[in-house]
Every structure is written in C-alpha cells, then in structure tokens.
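J.: Residues in the sequence shown are numbered from 230 upward in steps of one, following this note's numbering. Can you keep this structure in mind? I'll have questions shortly.
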Amino acid sequence: MRRTPALRGLIRETTLEPRQLIAPLFVKEGIDAAVPVASMPGQFQHTLESLRKTAVDIAGRGVTAFMLFGIPARKDAEGSEAWNPDGIGQRAIRALREEFGEDAVIMSDLCLDEYTDHGHCGVVGTDGAVINDETLERYTRIARAQAGAGAHMVGPSGMMDGQVEAIRTALDGEGHIETGIIAYAAKFASAFYGPFREAAEGAPKFGDRTGYQQDPANADEALREIRADIAEGADIVMVKPALPYLDVIRRAKDETGFPMAAYHVSGEYAMIKAASANGWIDERRAVLEVLTSIRRAGADLILTYHAADAATWLAER
Ligand code: PBG
C-alpha cells in the first residue's frame with residue numbers, strides 16, 4: 230500500500246488543508262514601511278497598508294483566518310493603548326474587516342504584554358507579580374474594544390484565572406453576543422516564544438512568565454485549564470506551543486471532543502528556518518511533516534507562520 234502515490238493516497242488518514250491554518254500577523258504603529266523580523270525570516274512588523282496586502286495574498290492561497298498582534302508606539306504601565314478604540318490593534322481589525330467583510334475570520338490576540346512598558350501580561354504589583362483580578366478588568370476593556378472594531382473572535386493569551394468568563398460576560402453585556410473566544414487555554418512557559426518577543430516587542434523587562442504560564446511538566450493541569458476554559462465559554466481551545474505538547478493536544482481532543490487549535494510558535498518556526506537556511510533540512514518537507522503531525526495529534530486548526538508557504542505547497546502537491 231506504499232508503493233505509489235495513488236496507493237498511499239487511498240489510505241492516508243490525516244488531512245492538511247489551507248482552511249485548517251490560521252496566519253498570525255504583526256502590525257506596528259508609527260512605521261512607514263514593513264520591518265522584517267530578524268529571528269523570523271519571512272515575517273514582518275506590518276504597516277496597516279502592508280498588513281492588508283499580505284492578508285489579501287494569504288487569503289488568495291486559501292488561508293482565510295488571521296490572528297492579529299498590535300504593537301503600539303506608546304507603552305505605559307497599564308498597557309492602555311490595548312483598549313484605545315483607535316489604537317493600532319483596533320485599526321488593524323477594522324482594516325481587515327473592511328477588506329474581507331465576512332469572507333475571512335479576523336481574530337485578535339487579547340493580552341497586555343505588547344502594550345505594557347514592563348512587558349508583562351497584566352497589571353504588576355509592587356512585588357513584581359501580576360495581579361490576576363485587576364488584570365481581568367483590563368482584559369474586559371480590551372475585549373470590548375476589539376469586538377467593537379469588528380473582531381470575529383478574541384484570543385485571550387495571558388493565562389489569568391477566570392479570563393474567559395470575564396471576557397464572555399463583558400462581551401455579552403455590551404451586545405457582542407456573536408463575538409467568539411479562541412482561548413489560549415494551555416499555554417506553557419516556553420523557551421520557544423523567544424523570536425515572537427522580538428517581533429511583538431513584548432519581552433518582560435524583569436522576571437519571567439512562570440508565575441502565570443504553565444509548567445512544561447504538567448499535562449493533567451493542562452487538561453484542567455482546558456476544561457475550565459470550555460466551562461467558562463470558550464468556543465475554540467488552544468494548546469501552545471505545538472510540537473513539545475502533542476501529547477496534551479491528543480489527550481485534550483480525546484477527553485473533550487472540543488474544537489482544538491495548536492499554536493506552532495515563533496521558536497518552532499525559527500528552528501525550521503535556520504536549519505533550512507543552512508541546508509541542513511528541506512524546508513518544504515519539514516514544514517508539511519510538522520503540520521501534518523500536529524493535525525494527526527488531534528488539532529483541528531494550526532496557528533503557524535508557515536501558513537502562506539504551506540498553503541502554496543499544498544496546492545502544488
Ligand atoms: C502573549 C503572546 C505570546 C505569544 C502569543 N501571545 C508571547 C508570550 O507569552 O510571551 C507567543 C507566540 C509565538 O511565540 O509565536 N501576548
């Protein structure tokens with residue numbers, strides 16, 4: 230059954246299609262041309278204009294879901310630009326809604342690390358620790374601003390306790406009853422976010438995120454986090470990063486049957502890019518193998534910086 234492509238095609242178990250991919254995109258305020266991200270070759274901090282062009286190009290390849298990250302010109306201790314109705318994140322959402330209407334799904338990362346001057350995902354107390362419930366209140370402001378700008382789904386990524394419920398309640402209270410939540414439910418404290426922190430300019434200025442992101446050793450706890458987010462009103466739950474946590478994806482899919490996303494993160498992208506740039510691995514084969522394995526583990530959807538290339542390669546296959 231392995232001898233020819235036609236035979237192999239008959240018994241192939243796992244599908245990989247552009248519609249299963251979500252492209253993360255960065256947009257930065259106050260630049261007049263797209264800025265390449267050094268540690269993520271092929272990725273850019275976009276202007277509103279280049280964001281629109283890139284999204285149109287990606288959609289043309291069959292990937293019609295986007296996760297947006299805004300990088301403001303002005304940061305403060307509270308991260309107040311995150312809920313500014315005219316802040317860069319909201320302008321990006323509006324630009325893509327104008328471009329696509331209902332023909333694409335516009336998702337927005339909902340967090341504070343890109344917006345705070347200290348780089349943490351929430352309000353920080355005098356002891357340097359993030360204050361959970363004060364942070365939730367800020368998240369509800371961001372949720373209303375993003376939904377108001379037209380986001381189809383918001384993606385809380387700060388790993389605060391109760392964030393999905395707080396956001397659901399805030400959205401419903403303002404009539405945004407159709408706005409969905411794609412919850413970064415099991416997000417591990419990972420070394421693989423390194424390049425993203427350059428791209429989104431959100432590296433913590435002191436300490437790290439181990440006080441709120443998950444211990445990589447814990448799978449049972451990941452399942453509790455995922456169940457909690459489902460109970461609080463998540464529409465899609467996410468595991469992040471992807472490859473080091475394929476077991477968590479599989480367990481979550483088996484035990485909940487819920488729509489599952491996996492985030493193939495910046496460091497996972499950078500590893501493939503670096504090795505292929507050196508001629509050590511074949512980029513196209515490596516990317517399609519990795520994305521297929523994430524699907525095989527049980528992810529319905531994959532957030533990946535390879536989305537545009539992968540869609541093109543899939544069409545050629
Ligand atoms: C937080 C956020 C992070 C990523 C997505 N949302 C960074 C972090 O938690 O430090 C990482 C994504 C990636 O590495 O590709 N807003």
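Cβ atoms here follow ideal geometry from the backbone N, Cα and C, with glycine treated the same way.
Considering only heavy atoms of the ligand PBG and the C-beta of each residue, which residues fall inside 5 Å, strictly closer?
T.: Cys340, Asp342, Ser386, Tyr422, Phe425, Val494, Ser495
J.: Going straight from the alpha carbon of Leu517 to that of Gly354, what length do you get?
T.: Cα to Cα, Leu517 sits roughly 44 Å from Gly354.
J.: Who does Ile300 pair with in a DSSP beta bridge?
T.: Lys257
J.: How many angstroms separate the CA atom of Asp346 from the CA atom of Thr233?
T.: Taking the straight line from one Cα to the other gives about 57 Å.
J.: Taking 8 Å as the limit between beta carbons, can you name the residues of its chain near Thr369, skipping five residues before and five after?
T.: Correct list, in chain order: Ala395, Ile396, Thr398, Ala399.
J.: List in chain order: all unbroken beta strand (DSSP E) runs of 3+ residues lying wholly within the stretch 267-299.
T.: Qualifying beta strand (DSSP E) stretches, in chain order: 273-275.
J.: Measuring only the C-alpha atoms, how far is Gly387 from Gln442?
T.: 8 Å
J.: From the DSSP output, which residues share a beta bridge with Met336?
T.: Met296, Met382
J.: For Leu228 versus Val383, is the C-beta spacing smaller than 8 Å?
T.: As shown, the chain starts at 230 and ends at 546. That puts residue 228 outside it, with no answer to give.
J.: Using the three-state DSSP reduction, which class does Met489 fall into: helix, strand or coil?
T.: strand
J.: Three-state secondary structure (DSSP) at Phe417?
T.: The three-state secondary structure of Phe417, taken from DSSP, is strand.
J.: Which value, in whole angstroms, describes the spacing of the CA atoms of Thr364 and Trp312?
T.: 13 Å
J.: Ignoring anything shorter than 4 residues or poking outside the stretch 456-525, list the alpha helix (DSSP H) runs there in chain order.
T.: Complete alpha helix (DSSP H) runs here, min 4: 475-485, 495-506, 512-525.
J.: Sorted by chain position, which residues of the same chain lie with C-beta nearer than 6 Å to Thr293's C-beta, five sequence neighbours on each side aside?
T.: Ala333
J.: Using beta-carbon positions only, say whether Met626 and Gly351 come within less than 8 Å of one another.
T.: Because the chain here runs from 230 to 546, residue 626 falls outside it and cannot be looked at.
J.: Within 10 Å of its beta-carbon, does Gly299 have 16 or more other beta-carbons around it, so buried, or fewer, so exposed?
T.: With 16 or more Cβ atoms within 10 Å of its Cβ, Gly299 is classed as buried.
J.: Give the single residue among Gly486, Ile478, Tyr534 whose Cα lies nearest to the Cα of Tyr498.
T.: Tyr534
J.: When you compare only the Cα positions, how much space is there between Asp476 and Ala446?
T.: 12 Å
J.: With a threshold of 8 Å between beta-carbons, can Arg326 be considered close to chain D, or not?
T.: No chain D is part of this structure, which consists of one protein chain only.
J.: Thinking C-alpha only, which one of Gly291, Pro265, Pro488, Glu258 is nearest Glu246?
T.: Gly291
J.: Going by C-alpha to C-alpha distance, which of Glu450, Ala252, Glu258 sits closest to Gly195?
T.: The requested residue 195 does not occur in the structure, where the chain is confined to residues 230 to 546.
J.: Looking at the structure shown, is Ile371 part of a helix, part of a strand, or coil, going by DSSP?
T.: helix
J.: Between which residues of its own chain and Phe425 is the CB-CB distance below 6 Å, once the five residues before and five after are set aside?
T.: Ser495
J.: Ala524: buried (16+ other C-beta within 10 angstroms of its C-beta) or exposed?
T.: Rather than Ala, the amino acid found at residue 524 in this sequence is Arg. By the neighbour-count rule (16 or more Cβ atoms within 10 Å), Arg524 is buried.
J.: Three-state secondary structure (DSSP) at Gly436?
T.: coil
J.: Are the CB atoms of Pro470 and Phe435 nearer to each other than 8 Å?
T.: no
J.: Roughly how many angstroms lie between the CA atoms of His349 and Leu236, to the nearest whole one?
T.: 52 Å
J.: Quick check on the DSSP output: the alpha helix (DSSP H) that includes Leu551 runs from which residue to which?
T.: The chain is shown from 230 up to 546; residue 551 falls before or after that span and cannot be answered.
J.: Please go through the same chain and pick out, in chain order, the residues whose beta-carbon is closer than 6 Å to the beta-carbon of Lys257, but skip the five residues on each side of it.
T.: Gln274, Ile300
J.: For the beta strand (DSSP E) that contains Leu400, what are its first and last residues?
T.: Here Leu400 belongs to no beta strand (DSSP E); instead the alpha helix (DSSP H) covers 392-402.
J.: Indicate the three-state DSSP secondary structure (helix, strand or coil) for Met443 in the structure shown.
T.: Per the sequence shown, residue 443 should be read as Gln rather than Met. In this structure, Gln443 counts as strand in the three-state DSSP scheme.
J.: Is it buried or exposed, Pro314, if we count other Cβ atoms within 10 angstroms and call 16 or more buried?
T.: exposed
J.: Contact check, Ala378 vs Arg323 under 8 Å by CB: the rounded distance?
T.: 5 Å
J.: Keeping to the same chain, check which residues put their C-beta closer than 7 Å to that of Ala380; ignore five residues upstream and five downstream.
T.: Non-local C-beta neighbours of Ala380 in its own chain, meaning closer than 7 Å and more than five positions away in sequence, comprise Ile322, Ile335, Met336, Ser337, Thr408, ordered along the chain.
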